[in-house]
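A.B. asks: Just passing along the structure, written as structure tokens.
Numbering (this note's numbering), first residue to last: 4 to 153.
Right under this line is the structure:
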């Protein structure tokens, strides 16, 4: 009895109907590193990068990396370095900022309606994964060296 109860608490169980739910979500899928500025700020009915989501990928995402530089007197406006749009199975909206004089921001926005991942992805929310943090730190170091040579 205890073994069965433990199994029920640690295993995800789905009904047949839940397992068979169709995925009819469409998201924009592009990356400014590969697709250029056309991917940077999608607005309106822009289906060039339309992609049918499959499997358990039921969320659209925009991930944006940007940076600002600061002196004692001023802070620059945010400069976008990279934008990525895609379908995903896991997305946590949020923001993270790394650095002091040169601040690197990584922002992720999530939505669940077809073609909802538009705009610049500039939100007050951001998430970051291990590889993203590594890339963010490399960019931070590079920009610091370039902007403030010894």
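Just so it is clear, CB atoms sit at the ideal spot from N, CA and C, and this is done for glycine as well.
Here the structure is a predicted model, which means the values were calculated and not measured.
Whole angstroms is fine: what's the gap from residue 99's alpha carbon to residue 27's?
C.D. replies: Locating residue 99 in the chain shown gives position 96, counting from the first residue. Locating residue 27 in the chain shown gives position 24, counting from the first residue. When rounded, the distance between both Cα atoms is 31 Å.
A.B. asks: At the level of alpha carbons, what is the spacing between residue 79 and residue 70?
C.D. replies: Within the chain shown, residue 79 is the residue found at index 76, counting from 1. Within the chain shown, residue 70 is the residue found at index 67, counting from 1. Distance between the alpha carbons of residue 79 and residue 70: 9 Å.
A.B. asks: Near residue 149, which residues of its chain fall below 7 Å by C-beta distance, leaving aside the five closest residues on each side in sequence?
C.D. replies: The sequence position of residue 149 within the chain shown is 146, counting from 1. Cβ within range, chain order: n/a, list empty.
A.B. asks: Which residues bound the beta strand (DSSP E) around residue 111?
C.D. replies: For this step, residue 111 is matched to residue 108 along the chain shown. Residue 111 -> beta strand (DSSP E) spans 105-114.
A.B. asks: Note down the Cα distance separating residue 61 from residue 114, rounded to an integer number of angstroms.
C.D. replies: Here residue 61 corresponds to residue number 58 of the chain shown, with the count starting at 1. Here residue 114 corresponds to residue number 111 of the chain shown, with the count starting at 1. In a straight line, the C-alpha of residue 61 is about 9 Å away from that of residue 114.
A.B. asks: Tell me whether residue 87 sits in a helix, a strand or coil according to DSSP, three-state version.
C.D. replies: The residue labelled residue 87 in the question sits at position 84 within the chain shown. The answer is strand: DSSP assigns residue 87 an E or B state.
A.B. asks: Output needed for residue 102: all residues of its chain with C-beta closer than 7 Å, excluding positions within five of it in sequence on either side, in chain order.
C.D. replies: Position 99 of the chain shown, counting from 1, holds the residue named residue 102. Cβ within range, chain order: 143.
A.B. asks: As a quick exercise: from 42, 141 and 56, pick the residue whose alpha carbon is nearest that of residue 106.
C.D. replies: Here residue 106 corresponds to residue number 103 of the chain shown, with the count starting at 1. Minimum Cα distance to residue 106 is reached at 141.
A.B. asks: For the alpha helix (DSSP H) holding residue 35, just list the boundary residues, first then last.
C.D. replies: Translated into the one-based positions of the chain shown, residue 35 becomes position 32. Counting along the chain, the alpha helix (DSSP H) containing residue 35 begins and ends at 35-38.
A.B. asks: Would the beta-carbon of residue 93 fall within 9 Å of that of residue 63?
C.D. replies: As a first step, residue 93 must be located in the chain shown, where it is residue number 90. As a first step, residue 63 must be located in the chain shown, where it is residue number 60. No, the pair does not count as a contact, with Cβ atoms beyond the cut-off.
A.B. asks: Determine whether the beta carbon atoms of residue 87 and residue 42 lie at a separation below 9 Å.
C.D. replies: Working through the chain shown from its first residue, we reach residue 87 at position 84. Working through the chain shown from its first residue, we reach residue 42 at position 39. In contact: residue 87 and residue 42 (Cβ atoms closer than 9 Å).
A.B. asks: I'd like to know whether the C-beta atoms of residue 109 and residue 67 end up nearer to each other than 9 Å.
C.D. replies: Counting from 1 along the chain shown, the entry for residue 109 is found at position 106. Counting from 1 along the chain shown, the entry for residue 67 is found at position 64. Contact flag set, yes.
A.B. asks: Taking the CB atoms as reference points, tell me whether residue 123 and residue 83 lie closer together than 9 Å.
C.D. replies: Taking the first residue of the chain shown as 1, we reach residue 123 at position 120. Taking the first residue of the chain shown as 1, we reach residue 83 at position 80. Against a cut-off of 9 Å, the Cβ pair of residue 83 and residue 123 comes out as a contact.
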